[in-house]
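S.K.:
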Amino acid sequence: IYTLAIESSCDETSAAVLRDGRTVLSNVISSQVPIHRKFGGVVPEIASRHHIEQVVPVVDQALEDAGVRLEDIDHIGVTYGPGLVGALLVGVAAAKGLAFAAGKPLIGVNHMEGHIFANFLANPELEPPFLSLVVSGGHTMLVVVKDYETFEVLGQTRDDAAGEAFDKIARVMGYPYPGGPHIDALAAKGNPNAIEFPKALHEKGNLEFSFSGLKSAVLNYLNSAKQKGTPIVDTDVAASFQKAVLDSLVGKTREAARMTGQKVITVAGGVSANQGLQRALAQMCEEEELTFYRPGRILATDNAAMIGCRAYYMAKAGKFSKLTLNAKPSIPLGDESWRG
Ligand code: ATP
Ligand code: MG
Ligand code: FE
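According to the UniProt record's numbering, the sequence shown is numbered sequentially starting from 3.
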């Protein structure tokens with residue numbers, strides 16, 4: 003079975019070809035990060051325009067790299083949400099056009115389910131059930147993946163996503179978009195106990211997240227240091243902020259594993275590239291005697307291969323979309339509007 007997949011939910015235009023759902027034959031990613039950097043974040047109109055320019059060449063390149071012709075493709079998967087609506091529409095329109103022209107079945111994929119499924123590509127032996135910590139630019143949640151089609155959300159963020167907090171703090175400290183990797187690198191050289199930042203929703207059994215209070219506390223610290231003229235040590239601020247985020251993410255993942263009895267932990271989304279998070283999760287899993295899987299850097303951030311993996315399992319479950327499939331900017335896990 004050959005899957006062609008397209009991803010355009012944010013600032014990466016990507017296309018991939020997979021064999022039998024778990025072997026990546028190609029995964030072409032055209033990133034717009036350098037374009038958006040001068041604005042300090044993703045500008046939706048600019049993103050849409052670049053997706054329009056990139057989508058056809060990226061699909062052509064993915065087929066060429068895989069050595070597979072469009073005729074040989076069995077079905078076409080595409081991200082229909084969540085994300086920037088104008089960006090999503092470009093991928094959805096391209097996939098619908100290809101599906102119609104080539105007479106191939108269309109499969110609308112939930113981007114967040116794709117992030118979780120990236121772990122199946124990076125870890126060939128991984129099978130459900132498992133507990134997944136999903137941490138990306140727009141989402142933070144703990145999910146039990148019961149089988150390939152059943153997802154139970156245990157808790158999510160009440161306000162900001164983890165990645166959003168990283169990006170905001172980095173921007174205020176003067177580092178370019180996206181800020182997560184900069185904070186990660188600074189934190190590795192700083193003292194995580196230099197500044198005590200508050201932890202939210204810390205009571206036992208609470209699996210919800212909140213990062214807006216932490217974000218305000220870091221901003222207040224930076225402002226008052228500036229006013230008083232006390233020197234700001236970027237490495238210590240980054241390390242202390244990152245420690246507060248990791249304590250929350252890892253603590254709640256430990257709690258969720260204990261509460262549900264899940265023995266396998268996966269991490270998903272762009273923030274899973276964070277070195278400190280990987281170390282802390284690996285250590286927690288060792289203490290709790292859990293097996294830990296992660297996707298690796300390329301498959302952690304936005305890419306079409308993860309969308310192709312999810313599409314393959316949806317095809318196996320008979321979940322095909324009509325050509326009326328529409329882009330949906332905000333959808334929960336397990337959303338059913340892939341039906342079109
Ligand atoms: P979503 O998937 O929720 O729609 P998104 O697609 O924009 O959002 P991803 O591509 O999964 O998000 O991840 C991007 C985020 O990951 C950014 O916020 C970025 O700062 C963060 N990130 C990437 N690398 C690191 C790192 N090493 N440490 C912390 N954060 C990181
Ligand atoms: Mg991105
Ligand atoms: Fe994403």
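Ideal Cβ positions, reconstructed from N, Cα and C, are used throughout, including at glycine. Here the structure is a predicted model, which is why all the values come from computation and not from measurement.
#1: From which residue to which residue does the beta strand (DSSP E) around ASN29 run?
#2: So, are the CB atoms of LEU72 and ALA49 less than 8 Å apart?
#3: Quick one: what does DSSP say SER214 is sitting in, helix, strand or coil?
#4: Taking the beta strand (DSSP E) that TYR179 belongs to, which residues open and close that run?
#5: For PHE243 and ASP62, I'd like the C-alpha separation in whole angstroms.
#6: Which runs of the alpha helix (DSSP H) at least 4 residues long sit entirely within the segment 304 to 337? Give them in chain order.
#7: What number of angstroms, rounded off, separates the C-alpha of LEU128 from the C-alpha of ASN121?
#8: From PRO107, HIS53, VAL30 and CYS12, pick the residue whose C-alpha is nearest to that of ILE3; which is it?
#9: With the cut-off set at 8 Å, would you say GLY79 and ALA7 are in Cβ contact?
#10: As a quick check of your reading: which residues have a C-beta less than 5 Å from at least one non-hydrogen atom of the ligand ATP, in chain order?
#11: Just the Cα atoms here: how many angstroms apart are THR81 and ILE333?
#12: Please return the same chain residues whose Cβ sits closer than 6 Å to the Cβ of ARG39, not counting the five positions on each side in sequence.
#13: I'd like the list of long-range same chain contacts for LEU224, defined as Cβ closer than 8 Å, with 5 residues on each side in sequence excluded.
#14: Considering only DSSP beta bridges, list what ARG296 is partnered with.
#15: Going by DSSP, what residue range makes up the alpha helix (DSSP H) through GLU166?
#16: Quick check on THR303: buried or exposed, where buried means 16 or more other Cβ atoms within 10 Å of its Cβ?
#17: Going by CA-CA distance only, name the one from LEU156, ALA241, PRO36 and ILE75 that's closest to ALA103.
#18: Please state the DSSP three-state secondary structure of TYR82.
#19: Does at least one heavy atom of the ligand MG sit under 7 Å from the Cβ of GLU9?
#20: So which of ALA17, VAL136 and ASN276 has the shortest CA-CA distance to ALA96?
#21: Heavy atom of the ligand FE less than 7 Å from the Cβ of HIS38, yes or no?
#22: Mind checking LYS254: buried by the 16 CB within 10 Å criterion, or exposed?
M.R.: Inspection of the coordinates gives the following:
#1: Start at 1 with the first residue of the sequence shown, and residue 29 comes out as number 27. It spans 25 to 33 - the beta strand (DSSP E) in which ASN29 sits, taken as one unbroken run.
#2: Locating residue 72 in the sequence shown gives position 70, where the first residue counts as 1. Locating residue 49 in the sequence shown gives position 47, where the first residue counts as 1. No, the Cβ-Cβ distance between LEU72 and ALA49 is not below 8 Å.
#3: For this step, residue 214 is matched to residue 212 along the sequence shown. Here SER214 sits in helix by DSSP.
#4: Position 177 of the sequence shown, counted from the first residue, corresponds to residue 179. From DSSP, TYR179 is part of no beta strand (DSSP E); its letter is neither H nor E.
#5: Position 241 of the sequence shown, counting from 1, holds the residue named residue 243. Position 60 of the sequence shown, counting from 1, holds the residue named residue 62. Using only the alpha carbons, I get a separation of about 43 Å.
#6: 306 to 318
#7: Residue 128 sits at position 126 when you count from the first residue of the sequence shown. Residue 121 sits at position 119 when you count from the first residue of the sequence shown. About 8 Å.
#8: Residue 3 sits at position 1 when you count from the first residue of the sequence shown. The shortest Cα separation from ILE3 among PRO107, HIS53, VAL30 and CYS12 belongs to PRO107.
#9: Against the sequence shown, residue 79 aligns to sequence position 77. Against the sequence shown, residue 7 aligns to sequence position 5. Contact: yes.
#10: So the residues near the ligand ATP by this Cβ test are CYS12, SER138, GLY139, GLY140, HIS141, GLY165, PHE168, ASP169, PRO180, GLY182, PRO183, ASP186, GLY271, GLY272, VAL273, ALA275, ASN276, THR303 and ASP304.
#11: For this step, residue 81 is matched to residue 79 along the sequence shown. For this step, residue 333 is matched to residue 331 along the sequence shown. The alpha-carbon atoms of THR81 and ILE333 are separated by roughly 12 Å.
#12: Translated into the one-based positions of the sequence shown, residue 39 becomes position 37. If we look at ARG39 and ignore the five residues flanking it on each side, its Cβ neighbours are PRO178 and TYR179.
#13: Taking the first residue of the sequence shown as position 1, residue 224 is located at position 222. Around LEU224: VAL174, MET175, ILE234 and VAL239.
#14: Taking the sequence shown and counting its residues from 1, one reaches residue 296 at position 294. BP columns for ARG296 are empty, so no partner.
#15: Within the sequence shown, residue 166 is the residue found at index 164, counting from 1. Its alpha helix (DSSP H) spans residues 164 to 174.
#16: Translated into positions along the sequence shown, residue 303 becomes position 301. By the neighbour-count criterion, in which 16 or more other beta carbons inside 10 Å mark a residue as buried, THR303 falls on the buried side.
#17: If you number the sequence shown from 1, residue 103 lands on position 101. The shortest CA-to-CA distance from ALA103 to any of LEU156, ALA241, PRO36 and ILE75 is the one to ILE75.
#18: As a position in the sequence shown, residue 82 is number 80, starting the count at 1. Residue state, collapsed to three classes: strand.
#19: As a working mapping, residue 9 is identified with position 7 in the sequence shown. Not under cutoff, so the answer is no.
#20: On the sequence shown, residue 96 is found 94 positions in, with the first residue counted as 1. If we check each option's Cα against that of ALA96, ALA17 comes out closest.
#21: The count along the sequence shown starts at 1 and reaches residue 38 at position 36. No, the Cβ of HIS38 stays beyond 7 Å of every heavy atom of the ligand FE.
#22: As a first step, residue 254 must be located in the sequence shown, where it is residue number 252. So LYS254 counts as buried.
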